[in-house]
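Peer 1: Going by this note's numbering, 46 is the number at position 46 of the sequence shown; the sequence numbering is gapless.
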Amino acid sequence: MGSLGGRRMIVVGGSTGIGRGIADAWAAAGADVVVCSRHRPADAGHLSWERLDLTAPKHARERLAGLATGGVDVVCFSAVYYGEARAYFSKVAEGEWRRQLEVNVTGLWLTLGAFLPALREAGPGLFVGVSSEVAFNAGPGRSGYAASKAAAKVLLDSLGQEEDSVRVVQLLPAGMVDTPGIRRRRPADFDYSSYAQPSSFARVATELAVTAGDGQHGESLVVDANGDWGSTNARSAVSQSRALT
Ligand SMILES: NC(=O)c1ccc[n+]([C@@H]2O[C@H](COP(=O)([O-])OP(=O)(O)OC[C@H]3O[C@@H](n4cnc5c(N)ncnc54)[C@H](OP(=O)(O)O)[C@@H]3O)[C@@H](O)[C@H]2O)c1
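(1) Report whether the distance from the Cβ of residue 81 to the nearest heavy atom of ligand 1 is below 7 Å.
(2) Count the other CB atoms, across all protein chains shown, that sit within 10 Å of the CB of residue 238; report buried if there are 16 or more and exposed otherwise.
(3) Can you grab the Cα-Cα spacing for the pair residue 98 / residue 107, in whole Å?
(4) Which residues does DSSP pair with residue 176 in a beta bridge?
(5) Identify which residue in 85, 178, 205, 159 has its Cα closest to the Cα of residue 10.
(6) Please state whether the Cβ-Cβ distance between residue 136 and residue 171 is less than 8 Å.
(7) If you draw a straight line from the C-alpha of residue 94 to the C-alpha of residue 144, how long is it?
(8) With burial defined as no fewer than 16 other Cβ atoms inside 10 Å of the residue's Cβ, what is the status of residue 69: buried or exposed?
(9) Pick from 147, 32, 129, 44: whose alpha carbon is nearest that of residue 83?
(10) Just the C-alpha distance for residue 134 and residue 189, rounded to the nearest angstrom, thanks.
(11) Per DSSP, what kind of secondary structure is residue 134 in: helix, strand or coil?
(12) Which partner residues of residue 167 appear in the DSSP bridge assignment?
(13) Quick one, are the C-beta atoms of residue 124 and residue 75 less than 8 Å apart?
(14) Looking at residue 30 and residue 2, is the spacing between their C-beta atoms short of 8 Å?
(15) Is it buried or exposed, residue 81, if we count other Cβ atoms within 10 angstroms and call 16 or more buried?
(16) What I want to know is whether the C-beta of residue 67 ends up closer than 7 Å to one or more non-hydrogen atoms of ligand 1.
(17) Beta-carbon separation of residue 17 and residue 179 under 8 Å?
(18) Following a CB-centred definition, is residue 110 positioned closer than 7 Å to any heavy atom of ligand 1?
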């Protein structure tokens, strides 16, 4: 049995990308991990999967409530709708803005509502939010994404100031991470050699889960490509926004 044996974890948005990196790390450490997403994850025999679409609130509420029964030790929220492409404000359709809020903010809100009671009982449970440097830096051509990630950050900051029996920690990559969500927005010949891999989150996610976030409650941790990390209390979240062509 690994360091997380006997623990039950949920990763909303855990089928691909950073959420998948975290889910894989927790499963490798012996946890029972359920990932939630619209599509079945590939090569995931070590994970359980629950279909979930955060843009269908009634269905999402029911699915999340079902998952919250039976005890949960740690929940991670990594689901995201980036938007079709970076674009100036006047070029973005209202539907895109609404979907960014629906997945990135309301999806987080629904997830918190469903799991907080179970996490309080875990005493202390841990909630891990996957954040972004845009919540600190904004950036041109990403107003909806930046606004939704800033709202998600402050929602979790505020919650962290309320909660005694659930620890709340946010993780954000120091640079860009090679994920399917990012690849959908890049040309086919794009060079990803400077990008981190989702597995760079394995070490910090495992340590947080083992300690239930002890000493890190309320913090945002910047995660480097080599897996090192540091709090935004001590280092800046550096902008990754390229010029918009
Ligand atoms: N990659 C980066 O460079 C980077 C940089 C800064 C911050 N981040 C943050 O990292 C987090 C993860 O991003 P990522 O790049 O790893 O994304 P990703 O590869 O696109 O993964 C997103 C996950 O969310 C799920 N998802 C999307 N829409 C959903 C919906 N409507 N209902 C339920 N699940 C849904 C996806 O599965 P389905 O499509 O199957 O539903 C997938 O599991 C986000 O919070 C993002 O802001 C990433």
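Ideal Cβ placement from N, Cα and C applies to all residues, glycine included.
Peer 2: Inspection of the coordinates gives the following:
(1) Residue 81: yes, Cβ under 7 Å from ligand 1.
(2) Per the 10 Å Cβ criterion, exposed.
(3) Near 12 Å, if we compare the C-alpha coordinates of residue 107 and residue 98.
(4) DSSP output for residue 176 lists no bridge partner at all.
(5) That would be 205, whose Cα lies nearest to the Cα of residue 10.
(6) With respect to residue 171, residue 136 sits apart: the two C-beta atoms are not nearer than 8 Å.
(7) Rounded to the nearest angstrom, the gap between the Cα atoms of residue 94 and residue 144 is 10 Å.
(8) Counting Cβ neighbours within 10 Å, residue 69 comes out exposed, since fewer than 16 surround it.
(9) Minimum Cα distance to residue 83 is reached at 147.
(10) Taken atom to atom, the span from the alpha-carbon of residue 134 to that of residue 189 is near 25 Å.
(11) Per DSSP, reduced to three states, the secondary structure at residue 134 is helical.
(12) Among the bridge pairs identified by DSSP, residue 167 is matched with 126.
(13) In this structure, residue 124 lies away from residue 75, with their beta-carbon atoms at least 8 Å apart.
(14) Their beta carbons are under 8 Å apart, which means residue 2 touches residue 30 by this criterion.
(15) The residue in question, residue 81, is buried, as its Cβ has 16 or more Cβ neighbours within 10 Å.
(16) Every heavy atom of ligand 1 is 7 Å or more from the Cβ of residue 67, so no.
(17) Annotated as proximal: residue 17 and residue 179, with beta-carbon spacing under 8 Å.
(18) Look at residue 110: its beta carbon is at least 7 Å from all of the heavy atoms in ligand 1.
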